[in-house]
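Following our numbering, the residues of the sequence shown are numbered contiguously, the last one being 1627.
Glycine included, each C-beta is placed from N, C-alpha and C at the ideal position.
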Amino acid sequence: MKKATPFSPRESAAVYRAIRERRDMRHFCGGQVPSDVLQRLLQAAHQAPSVGYMQPWRFLRIQNHDTRVRLHALVEAERIETARALGQRESEFMQLKVQGILDAAEVLVVALADGRERHVFGRRTMPEMDLASAACAIQNLWLAARVEGLGMGWVSLFEPAELAVVLGLPEGASPIAVLCLGPVEGYYAEPMLAQQHWAQCEALSGLVFDDTWGKASAVFASQAGSPPANEDH
C-alpha cells in the first residue's frame, strides 16, 4: 500500500482545475488526436473504478466516414423526436447544437459488454451499476481530454437498438454513448446549455442533506446565499 498523503498544492490545483473547466463540447475544428495521446486517454478511462471490478466498458473507434454519417443520421432522427416530445420547447431545442460527429477528430462509441449478467458482486439488487461504472470511465476520459487541451462531448440522442445493429454489437451488448473528441478552438466559459439559457446550475447547498431527505446539510451553513459554481453533465 502507498502512504495516504495529499497532493502538493500545485498538483491539487491542477486536478480541481480539470474538474472545474471540463465542458461538454459540441463545436470542434477537425484536426487529429495523436495515437499516443489517444492511448493515454483510453488508459485513463480504463483506470476508472467499476463495481465488482467487472470493467463493463467497451470502446469502438469509428474511423469509417460512412459509418459516421450513419451515426449522424441516427442522432438527427432522435433529435427531431426529442424536440417533439418537449412540446412548447420544441423550436428552442432545435436551435441547440447537440453533436459534432462529422466535425470531431475522433468518434468513440462506448458500449456495455455482453455477458454482464454473470457479474453479481455489487449488482444483485442494483444491476444498473454496470452503467454507473461505465459512466465513471467516460468521466475519466473527459477529464484527461481537458488535461490534454482537447474537447469532448457526450451524445446520447440515439436509439440504442439501431446503433447496435450499425456497429454489429453482439447480443447483450448495449451502446450508451457516442463521444466526440478532438481539438477545439476554445472551451465554453460556462456550460453551453447555461449559455443558451436552456438550464441553469442548481446551488449545491440545496442538493446535499444530513441524515434524512430534505434536511439541509450543516456543511453549507456558512455559505448561505453563495452563487453556484459552473457545472454541467
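* **Among Thr1606, Ala1612, Gly1580, the one whose alpha carbon lies nearest that of Arg1416** => For the purposes of this step, residue 1416 is taken as the residue at position 22 of the sequence shown. Residue Gly1580 is the option with its Cα nearest to Arg1416.
* Inspect the CB distances between the stretch 1465-1485 and the stretch 1402-1422 and report whether three or more fall short of 8 Å. => No: the two stretches stay apart, fewer than three of their Cβ pairs being nearer than 8 Å.
* Asked: In terms of residues, what are the limits of the alpha helix (DSSP H) holding Pro1521?
  -> For the purposes of this step, residue 1521 is taken as residue 127 along the sequence shown, with counting starting at 1. No alpha helix (DSSP H) contains Pro1521, which DSSP labels as neither H nor E.
* Asked: What do you reckon, are the CB atoms on Val1503 and Pro1403 nearer than 8 Å?
  -> Looking up residue 1503 in the sequence shown gives position 109. Looking up residue 1403 in the sequence shown gives position 9. Taking 8 Å as the Cβ cut-off, Val1503 and Pro1403 do not qualify as a contacting pair.
* Using three-state DSSP, classify Ile1570 as helix, strand or coil. => Taking the first residue of the sequence shown as position 1, residue 1570 is located at position 176. Of the three classes helix, strand and coil, the one that applies to Ile1570 here is strand, per DSSP.
* Sequence-distant residues of its chain with Cβ nearer than 6 Å to Phe1515 (five each side left out) -> The residue labelled residue 1515 in the question sits at position 121 within the sequence shown. If we look at Phe1515 and ignore the five residues flanking it on each side, its Cβ neighbours are Gly1446.
* **Cut-off 8 Å between Cβ atoms - residues of its own chain near Glu1542, not counting five sequence neighbours on either side** => Counted from its first residue, the sequence shown places residue 1542 at position 148. Around Glu1542: Val1431, Arg1434, Leu1435.
* For Leu1506 versus Asp1524, is the C-beta distance shorter than 8 Å? -> Here residue 1506 corresponds to residue number 112 of the sequence shown, with the count starting at 1. Here residue 1524 corresponds to residue number 130 of the sequence shown, with the count starting at 1. Yes. Within cutoff.
* Is Glu1584 helix, strand or coil when you go by DSSP? -> As a position in the sequence shown, residue 1584 is number 190, starting the count at 1. Coil, per DSSP.
* In chain order, what residues of the same chain lie with their CB nearer than 7 Å to the CB of Met1488, ignoring the 5 residues before and after it? -> Stepping through the sequence shown from its first residue, residue 1488 is reached at position 94. Excluding residues within five positions, the ones whose Cβ falls inside 7 Å are Ala1477.
* Asked: Going by C-alpha distance, which of Leu1465, Val1602, Ser1485 is nearest Val1613?
  -> Counting from 1 along the sequence shown, the entry for residue 1613 is found at position 219. The candidate whose alpha carbon is nearest that of Val1613 is Val1602.
* Asked: Whose C-beta lies closer than 8 Å to the C-beta of Val1409 among residues of the same chain, with five residues either side of it excluded?
  -> Counting from 1 along the sequence shown, the entry for residue 1409 is found at position 15. Setting aside the 5 residues that flank it on each side, Val1409 is surrounded in the same chain by Phe1401, each with a C-beta closer than 8 Å to its C-beta; the list follows chain order.
* Please list, in chain order, all residues of the same chain as Pro1622 whose beta carbon is under 7 Å from its beta carbon, the five residues on each side excluded. => Start at 1 with the first residue of the sequence shown, and residue 1622 comes out as number 228. Caution applies to Pro1622, whose pLDDT of 48 falls short of 50 and renders its modelled position unreliable; the model cannot decide the point.
* To do: Mind reading off the beta-carbon distance from Ala1499 to Gly1566? Whole number of angstroms is fine, and I expect it under 8 Å.
  => Here residue 1499 is taken as the residue at index 105 of the sequence shown, counted from 1. Here residue 1566 is taken as the residue at index 172 of the sequence shown, counted from 1. Contact doesn't hold; Cβ gap of about 31 Å is too wide.
* Asked: If Met1419 and Gly1545 are in contact, beta carbons under 8 Å, what's the gap, nearest whole angstrom?
  -> Reading the sequence shown from its first residue, position 25 is the one you call residue 1419. Reading the sequence shown from its first residue, position 151 is the one you call residue 1545. The Cβ separation is near 3 Å, so the contact holds.
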